[in-house]
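Participant:
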Amino acid sequence: MATATAELLRENLEYLEQLKFSYSNDQDTERVERMQESYNGMLSTCLRKESDIRDTIKELSTAISSKQSELESYGSQDSVEGLMESLRHDIGKTQQRVKDMSREERELNEELEELLLKIKASKEHRLQEQRQTTLAEQRLRHELSLYAHVSRATLDADGDEAVSGAVSDPQGHDIRPFSTTLSDLRSAAGRSALVNELWGLID
Numbered sequence: 456m457a458t459a460t461a462e463l464l465r466e467n468l469e470y471l472e473q474l475k476f477s478y479s480n481d482q483d484t485e486r487v488e489r490m491q492e493s494y495n496g497m498l499s500t501c502l503r504k505e506s507d508i509r510d511t512i513k514e515l516s517t518a519i520s521s522k523q524s525e526l527e528s529y530g531s532q533d534s535v536e537g538l539m540e541s542l543r544h545d546i547g548k549t550q551q552r553v554k555d556m557s558r559e560e561r562e563l564n565e566e567l568e569e570l571l572l573k574i575k576a577s578k579e580h581r582l583q584e585q586r587q588t589t590l591a592e593q594r595l596r597h598e599l600s601l602y603a604h605v606s607r608a609t610l611d612a613d614g615d616e617a618v619s620g621a622v623s624d625p626q627g628h629d630i631r632p633f634s635t636t637l638s639d640l641r642s643a644a645g646r647s648a649l650v651n652e653l654w655g656l657i658d
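Position one of the sequence shown corresponds to residue 456 (our numbering), numbered consecutively onward.
1) Does the segment 551-559 come close enough to the segment 505-523 that 3 or more CB-CB pairs lie under 8 Å?
2) By the three-class DSSP mapping on this structure, what secondary structure does S557 have?
3) Can you round the beta-carbon distance between L640 and R646 to whole angstroms, since I take them to be within the 8 Å contact cut?
4) Could you check where the beta strand (DSSP E) with S634 kicks off and where it finishes?
5) Assuming T500 contacts L563 (C-beta within less than 8 Å), just tell me the rounded distance between them.
6) Determine whether the beta carbon atoms of R552 and T511 lie at a separation below 8 Å.
7) Counting only the same chain and skipping the five closest in sequence on each side, list residues whose C-beta sits under 6 Å from that of R634.
8) CA-CA distance, G537 and E560?
9) Give the secondary structure of S642 by DSSP, where H, G and I count as helix, E and B as strand, and everything else as coil.
10) Assign L653 to one of two classes, buried (16 or more other C-beta atoms within 10 Å of its C-beta) or exposed (fewer than that).
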């Protein structure tokens, strides 16, 4: 179990390294570094527990072999009963050690699950940031391109409501008319529609 857990921990260490260097915000970097420290600590604990389990099994095997040899050397009933009592005592101690190790393993698995949830949330946060950055870049390019083209736009008010105009290139050629209303220009939806219309004209 410890080996499988340790391998799972190792698989995420490389991601944590990449994540740490991908963040430019100091607070995010510190958060990832804390996660990495927790990971390193858990990996060390897994390896230590794995070593403890091997040592316990080895000690138990040695104790059983020793008790078997002692049992074979004893001949009287009293000696056998004394040996059996000693065996029961050793078995009780071993069972308690197994319980303690099982409890520690459960606690370690709980910490691992919590840390994996944090890493999952961190990955999703990073993907969301990348998507937002991409959208922001696309919008900026769109706005810059639109500004460059409509810098020669003209508007004429016709009465109290109608507004018309034309878009041309910087040289005053390729004139394309458009129209809207003052009511539309007062609303965000109307302004957005006008921008889209202008973009369609110059695209």
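Cβ coordinates follow ideal geometry from the N, Cα and C atoms, glycine included.
Keep in mind the model is a prediction, meaning the values are calculated, not measured.
Facilitator: In terms of the structure at hand:
1) yes
2) Position 102 of the sequence shown holds residue 557. In this structure, S557 counts as helix in the three-state DSSP scheme.
3) Looking up residue 640 in the sequence shown gives position 185. Looking up residue 646 in the sequence shown gives position 191. Sure, about 6 Å apart at Cβ, within 8 Å.
4) Numbered from its first residue, the sequence shown carries residue 634 at position 179. Where S634 is concerned, the enclosing beta strand (DSSP E) stretches over 631-636.
5) The count along the sequence shown starts at 1 and reaches residue 500 at position 45. The count along the sequence shown starts at 1 and reaches residue 563 at position 108. Their Cβ separation, rounded to whole angstroms, is 6 Å, which keeps T500 and L563 in contact under 8 Å.
6) On the sequence shown, residue 552 is found 97 positions in, with the first residue counted as 1. On the sequence shown, residue 511 is found 56 positions in, with the first residue counted as 1. In this structure, T511 lies closer than 8 Å to R552 by Cβ.
7) Taking the sequence shown and counting its residues from 1, the one referred to as residue 634 is at position 179. Here residue 634 turns out to be Ser, not Arg, going by the sequence shown. Excluding positions up to five away in sequence, the list reads S619.
8) For the purposes of this step, residue 537 is taken as residue 82 along the sequence shown, with counting starting at 1. For the purposes of this step, residue 560 is taken as residue 105 along the sequence shown, with counting starting at 1. Spanning the two alpha carbons is a distance of roughly 35 Å.
9) Numbered from its first residue, the sequence shown carries residue 642 at position 187. Coil at S642, not helix or strand.
10) On the sequence shown, residue 653 is found 198 positions in, with the first residue counted as 1. Label assigned to L653: buried.
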